[in-house]
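First up is the structure itself, then whatever we jot down about it.
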Ligand code: ARG
């Protein structure tokens, strides 16, 4: 057990099993960068308030910068024996500057730090998620462009409905993902990263005034209400909600592509480099990537529900329960970003199987609406009557196992006096 940020009032040593149980360093090390930013603002304020000399502030700042460089270059090694990232950084600073480090935490609370760090993490990762989303939208658009003129059967109830352009089908997904981007933009506009809550009651005004000066023009703010700031995790829930909706879109896209790549549909040829084989059946080409995207939906929704439930009924203000927001948050961000990264490249490798699509497009029922249009617009038949006529025509074709385009004039007339060979040939080619 390494040095802790507390302990003076305790006579007994912390139970080692309990200490392990309550630690968060194994995941909150991902907040290192933001925790350093918090410390850098704080030491500036301490210096301005005369609580650190210029030389002392410089020494601590240099030590923090040194750790920051390691974080940014990927070389940061968290000390997993620490309680959390706040303690780890404090100890690392102490290693560099000795006893002086004891002044770094002056009048500061981890409750303020963790709210600041987590909000900052959400800010950064929501921004990078939006960037990945935009790349995915571009790759959907370039696939749509490649197959500009191509038609596919469109479905409702997973039943063939009407012919649509493949570009429009893809465009529907682009639009949904565009809406996800807008949700992120809205989130970013409302997200205010705050410093200065203390444990709950607010930082001392002699430091708060300094924060204000230091932060002029920056995105970071003084909390409007410090009690709210340390007890609010709405931003985590919002981020997880946005990711859940986005994940639902990815899952629907994955499901469609899995279906359309089966031998039964065979509309899409999926890029081999993202598929796997079977250890038993040599002919298999399995869409595992898409299946995992679909499968992860449970995890992403679960993460949202887990934080919502954890926050429910928590008394104001900070409670340790809130430490449990981080794993679900990090998990959702990492899964969704991983999916987006691969999906953008996956989409580029998709090929349309023209022959199979053309075969499907021969299904005459796909053109029922075209005949409806003719009857209603040119023959002035009432819509409901036209619906009935076309329905009977399709039933006749099925019962007599005969293509609509081959039904002879006499039978057409019997179905409806509005039907004749000319119109049938025009609609059903
Ligand atoms: N690991 C804690 C969290 O994530 C940091 C804050 C701890 N504060 C405290 N008073 N014990 O919420």
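Numbering (this note's numbering), first residue to last: 1031 to 1459. Each residue gets a CB set at the ideal place from its N, CA and C atoms; glycine is no exception. In this text, all values refer to a predicted model and were calculated from it rather than measured experimentally.
So is the beta-carbon of residue i under 6 Å away from any non-hydrogen atom of the ligand ARG?
{"i": "residue 1363", "result": "no"}
{"i": "residue 1141", "result": "yes"}
{"i": "residue 1144", "result": "yes"}
{"i": "residue 1172", "result": "no"}
{"i": "residue 1114", "result": "yes"}
{"i": "residue 1341", "result": "no"}
{"i": "residue 1353", "result": "yes"}
{"i": "residue 1256", "result": "no"}
{"i": "residue 1227", "result": "no"}
{"i": "residue 1336", "result": "no"}
{"i": "residue 1271", "result": "no"}
{"i": "residue 1054", "result": "yes"}
Which of the three DSSP states is assigned to residue i in this structure?
{"i": "residue 1193", "result": "strand"}
{"i": "residue 1346", "result": "coil"}
{"i": "residue 1296", "result": "coil"}
{"i": "residue 1181", "result": "strand"}
{"i": "residue 1246", "result": "coil"}
{"i": "residue 1373", "result": "helix"}
{"i": "residue 1333", "result": "helix"}
{"i": "residue 1306", "result": "strand"}
{"i": "residue 1134", "result": "coil"}
{"i": "residue 1113", "result": "coil"}
{"i": "residue 1044", "result": "coil"}
{"i": "residue 1082", "result": "coil"}
{"i": "residue 1272", "result": "helix"}
{"i": "residue 1411", "result": "coil"}
{"i": "residue 1106", "result": "coil"}
{"i": "residue 1433", "result": "coil"}
{"i": "residue 1282", "result": "helix"}
{"i": "residue 1447", "result": "coil"}
{"i": "residue 1262", "result": "coil"}
{"i": "residue 1148", "result": "helix"}
{"i": "residue 1472", "result": "With the chain represented from 1031 up to 1459, any question about residue 1472 goes unanswered, as that position is not in the structure."}
On the DSSP bridge assignment, give the partners of residue i in chain order.
{"i": "residue 1224", "result": "1251"}
{"i": "residue 1186", "result": "1189"}
{"i": "residue 1316", "result": "1306"}
{"i": "residue 1381", "result": "1299"}
From residue i to residue j, what distance separates their C-alpha atoms?
{"i": "residue 1194", "j": "residue 1260", "result": "52 Å"}
{"i": "residue 1289", "j": "residue 1299", "result": "11 Å"}
{"i": "residue 1428", "j": "residue 1152", "result": "57 Å"}
{"i": "residue 1088", "j": "residue 1170", "result": "50 Å"}
{"i": "residue 1158", "j": "residue 1391", "result": "41 Å"}
{"i": "residue 1181", "j": "residue 1442", "result": "29 Å"}
{"i": "residue 1404", "j": "residue 1445", "result": "16 Å"}
{"i": "residue 1142", "j": "residue 1084", "result": "25 Å"}
{"i": "residue 1323", "j": "residue 1172", "result": "22 Å"}
{"i": "residue 1167", "j": "residue 1207", "result": "7 Å"}
{"i": "residue 1165", "j": "residue 1367", "result": "12 Å"}
{"i": "residue 991", "j": "residue 1234", "result": "No answer is possible for residue 991: it lies beyond the span of the chain, which begins at 1031 and ends at 1459."}
{"i": "residue 1447", "j": "residue 1293", "result": "41 Å"}
{"i": "residue 1106", "j": "residue 1253", "result": "30 Å"}
{"i": "residue 1250", "j": "residue 1090", "result": "21 Å"}
{"i": "residue 1439", "j": "residue 1175", "result": "42 Å"}
How about residue i and residue j: do their beta carbons lie closer than 7 Å?
{"i": "residue 1185", "j": "residue 1382", "result": "no"}
{"i": "residue 1268", "j": "residue 1217", "result": "yes"}
{"i": "residue 1226", "j": "residue 1241", "result": "yes"}
{"i": "residue 1065", "j": "residue 1135", "result": "no"}
{"i": "residue 1374", "j": "residue 1320", "result": "no"}
{"i": "residue 1280", "j": "residue 1369", "result": "yes"}
{"i": "residue 1265", "j": "residue 1221", "result": "yes"}
{"i": "residue 1337", "j": "residue 1270", "result": "yes"}
{"i": "residue 1277", "j": "residue 1339", "result": "no"}
{"i": "residue 1413", "j": "residue 1434", "result": "no"}
{"i": "residue 1061", "j": "residue 1147", "result": "yes"}
{"i": "residue 1352", "j": "residue 1263", "result": "yes"}
{"i": "residue 1244", "j": "residue 1071", "result": "yes"}
{"i": "residue 1055", "j": "residue 1118", "result": "yes"}
So, is the C-beta of residue i closer than 7 Å to a C-beta in chain D?
{"i": "residue 1439", "result": "The chain inventory of the structure shown lacks chain D, comprising one protein chain alone."}
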